[in-house]
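Visitor: Protein chains in written order, with my numbering: chain A, 1 to 126; chain B, 127 to 252; chain C, 253 to 378; chain D, 379 to 504.
Ideal Cβ positions, reconstructed from N, Cα and C, are used throughout, including at glycine.
A single structure is presented below for examination.
Protein chains: 4
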Amino acid sequence: MNERVTVPGEPTLEALRQRLTDFAAARRWEPFHTPKNLAAALSVEAGELLEIFQWLTPEQAAGVMAEPERAHRVRDEVADVLAYLLQFCTAVGVDPLEALAAKIERNEHRFPVPDGPADVNADMGE
Amino acid sequence: MNERVTVPGEPTLEALRQRLTDFAAARRWEPFHTPKNLAAALSVEAGELLEIFQWLTPEQAAGVMAEPERAHRVRDEVADVLAYLLQFCTAVGVDPLEALAAKIERNEHRFPVPDGPADVNADMGE
Amino acid sequence: MNERVTVPGEPTLEALRQRLTDFAAARRWEPFHTPKNLAAALSVEAGELLEIFQWLTPEQAAGVMAEPERAHRVRDEVADVLAYLLQFCTAVGVDPLEALAAKIERNEHRFPVPDGPADVNADMGE
Amino acid sequence: MNERVTVPGEPTLEALRQRLTDFAAARRWEPFHTPKNLAAALSVEAGELLEIFQWLTPEQAAGVMAEPERAHRVRDEVADVLAYLLQFCTAVGVDPLEALAAKIERNEHRFPVPDGPADVNADMGE
């Protein structure tokens, strides 16, 4: 599971996290980057990503990346959500990859692979 | 900026993304993992992270990781947000690291490092 | 448009707003009821309402009130959203009915009734 | 508790709810106003309200209505949240005032008025 599938030339999550920290420091934004503010900003940006989909049928939503303008918005909001998540992690001292790996371990026990049809209402969130 | 700061033994973002894809496939959850549903789930989990902080003063929020129970909740919600973000990226075919790197490039032009006091109301989101 | 369709015995919005103010005062919760905290709490509760629907197909979502347990959750989250919205309005001194009436006026000019098919992507939000 | 404190000439919540229904019908927006879409839109608008406050200190947030531009945005987002909440209630057949009155009743039993200091972490949401 620890294989390193990295695209050559692509930065790692950790490199981007550090770059965001430097970016904020150079602009003196650290006083605003409290855990509470960053959690709020993350939630706001997740809402902006959802906004793209709010009136779309499942079929329209599936084809969202075929329209260049919407595709750009999607990539842009993904970037914003990830940026605030990484800045939040910096503010509280959490390693996001470690947190996710631990959660997947727990969920592999919590949701064993079913023999029959899956429980369609189960979800990752606790 | 493309240095690889990887903790030995720690999975990469891409490895975790693949593991989540396999996890969902084994449980036959793919029909539920539409872009629209995953954007909604991401927003819901970001709300659950914010919930931890909603009544805290800035001072209390800064000390959130000193309480083991709250610290666990924080790590757990970070994992949920990251999990749904990665699953959303899989569903729409977006590379989250590439999207974030491109956004940081744009923001470096959009928010040049100031000589004087920073614009305290500027934010990453467009 | 100003007709008073009130169910006999049903409290008005203003009466419930006042009752929530009294409720918080009796429990000494006012220090926590800042505009920022209440805006966060409102967003969190809206997420909890959305959570009920996140994995449902449009057809399942349409029948959500036929299941007593889900119907109770829906009513409960509607109440939470409305409660925090009213408490937010109290904290900032906004009359929610007046704000909505003004917005509808603006939208009646902004979205004239079409002769042909409606613009399906238009929405109320500015 | 059922006193009718209504400002003369101010519409009731029910009158505004009906007006929103007529507004959407005239523009043929009903097919988009499914419970799931409206719950998503409500969450998105609650995020937009929170966005106004995300970088503000508690002191700045307390004075938000003193700035005309921000005050307009606050009233506008309050209107959007209330509009989508009412449209959601129409879609699922829930009376929002009745739901809130029932919730307050339950909370009066759940959170009895304390003799000593209040439990600062208790909140309305279940």
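Exposed or buried, proline 320/C, counting other C-beta atoms within 10 Å across all chains shown (16 or more means buried)?
Guide: So proline 320/C ends up on the exposed side.
Visitor: So is alanine 228/B in contact with chain A if we call contact Cβ pairs under 8 Å?
Guide: True, the Cβ-Cβ gap to chain A drops below 8 Å.
Visitor: Compare the C-beta of alanine 418/D against all C-beta atoms of chain B and say whether one is closer than 8 Å.
Guide: So yes, alanine 418/D belongs to the interface.
Visitor: Please work out which residues of its chain come closer than 6 Å, Cβ to Cβ, to proline 389/D, disregarding the five sequence neighbours upstream and downstream, and give them in chain order.
Guide: Cβ neighbours of proline 389/D beyond the five flanking positions: none.
Visitor: Roughly how many whole angstroms lie between the Cα atoms of lysine 355/C and leucine 460/D?
Guide: Going by the C-alpha atoms only, they are around 11 Å apart.
Visitor: Can you tell me the Cα-Cα spacing of proline 492/D and tryptophan 281/C, whole angstroms?
Guide: Approximately 11 Å between the Cα atoms of the pair.
Visitor: Which first and last residues belong to the alpha helix (DSSP H) in which glycine 47/A is found?
Guide: From DSSP, the alpha helix (DSSP H) with glycine 47/A extends over 35-53.
Visitor: Can you tell me whether DSSP reads valine 220/B as helix, strand or coil?
Guide: Three-state DSSP puts valine 220/B in coil, outside helix and strand.
Visitor: Could you tell me the distance, in whole angstroms, from the CA atom of arginine 362/C to the CA atom of arginine 196/B?
Guide: One C-alpha to the other measures close to 46 Å.
Visitor: For glutamate 297/C, I'd like the list of residues in its chain whose CB is within less than 7 Å of its CB, leaving aside the five on either flank, ordered along the chain.
Guide: Correct list, in chain order: Glu329, Asp332, Val333 and Tyr336.
Visitor: For the structure I just gave you, are there three or more beta carbon pairs, one from the region 264-272 of chain C and one from the region 300-319 of chain C, closer than 8 Å?
Guide: At 8 Å Cβ cutoff, the stretches do not touch.
Visitor: Just verifying my parser: in three-state terms, what is the DSSP assignment at threonine 390/D?
Guide: Three-state DSSP puts threonine 390/D in coil, outside helix and strand.
Visitor: With a Cβ-Cβ cutoff of 8 Å, do arginine 73/A and valine 220/B count as a contact?
Guide: Result no, Cβ atoms of arginine 73/A and valine 220/B do not sit closer than 8 Å.
Visitor: Return the CA-CA distance between proline 31/A and phenylalanine 23/A, expressed in angstroms with no decimal places.
Guide: Their backbone Cα atoms lie some 13 Å apart in a straight line.
Visitor: Going along chain D in order, which residues have a C-beta closer than 7 Å to the C-beta of proline 287/C?
Guide: Phe431, Ala439, Ala440 and Val442, listed in chain order.
Visitor: Please confirm whether phenylalanine 466/D has its beta-carbon closer than 8 Å to some beta-carbon of chain A.
Guide: Closer than 8 Å: no.
Visitor: Which residues in the same chain have their Cβ closer than 6 Å to the Cβ of leucine 464/D, if we skip the five residues on either side of it in sequence?
Guide: Cβ within range, chain order: Arg395 and Leu398.
Visitor: Taking all protein chains shown into account, decide if glycine 135/B is buried (16 or more other Cβ within 10 angstroms of its Cβ) or exposed.
Guide: It is exposed - the Cβ of glycine 135/B has fewer than 16 other Cβ atoms within 10 Å.
Visitor: Determine the closest residue to leucine 175/B out of Phe53/A, Cys89/A, Arg27/A and Glu51/A, with distance taken between C-alpha atoms.
Guide: For leucine 175/B, the nearest C-alpha among the options comes from Cys89/A.
Visitor: Nearest chain C C-beta to leucine 142/B closer than 8 Å, yes or no?
Guide: Answer no: the Cβ-Cβ gap between leucine 142/B and chain C never drops below 8 Å.
Visitor: Can you give me the start and stop residues for the alpha helix (DSSP H) that alanine 318/C sits inside?
Guide: Note, alanine 318/C: premise wrong, no alpha helix (DSSP H); not H, not E.
Visitor: For methionine 317/C, I'd like the list of residues in its chain whose CB is within less than 7 Å of its CB, leaving aside the five on either flank, ordered along the chain.
Guide: Here the set comprises Ala323 and Val326.
Visitor: Within 10 angstroms of the Cβ of alanine 39/A, are there 16 or more other Cβ atoms? Answer buried if so, exposed if not.
Guide: Burial call: buried.
Visitor: When burial is assigned at 16 or more other CB atoms within 10 Å of the CB, is glutamate 303/C buried or exposed?
Guide: Buried.
Visitor: With a cut-off of 8 Å, does the C-beta of proline 240/B fall near any C-beta of chain A?
Guide: Yes - at least one Cβ of chain A is within 8 Å of the one on proline 240/B.
Visitor: Looking at the C-beta of proline 68/A, does it have a partner C-beta in chain B at a distance below 8 Å?
Guide: So no, proline 68/A is outside the interface.
Visitor: Which value, in whole angstroms, describes the spacing of the CA atoms of leucine 42/A and arginine 232/B?
Guide: Each residue's alpha carbon lies about 19 Å from the other.
Visitor: Within the 8 Å Cβ cut-off, does leucine 302/C reach chain B?
Guide: Answer yes: the Cβ-Cβ gap between leucine 302/C and chain B drops below 8 Å somewhere.
Visitor: Applying the criterion that 16 or more other CB atoms from any shown protein chain within 10 Å of the CB defines a buried residue, is proline 257/B buried or exposed?
Guide: The structure shown has nothing for residue 257/B, since chain B only spans 127 to 252.
Visitor: Tell me the rounded alpha-carbon separation between phenylalanine 53/A and alanine 343/C.
Guide: The straight-line gap from Cα to Cα measures roughly 32 Å.
Visitor: Give the interface partners of valine 44/A over in chain D, defined as CB-CB distance under 8 Å, in chain order.
Guide: Gly425, Glu426, Leu428, Glu429 and Gln432, listed in chain order.
Visitor: Using the C-alpha atoms, what's the distance from threonine 286/C back to alanine 277/C?
Guide: So the two alpha carbons sit approximately 13 Å from each other.
Visitor: DSSP on leucine 337/C, reduced to helix/strand/coil?
Guide: Residue state, collapsed to three classes: helix.
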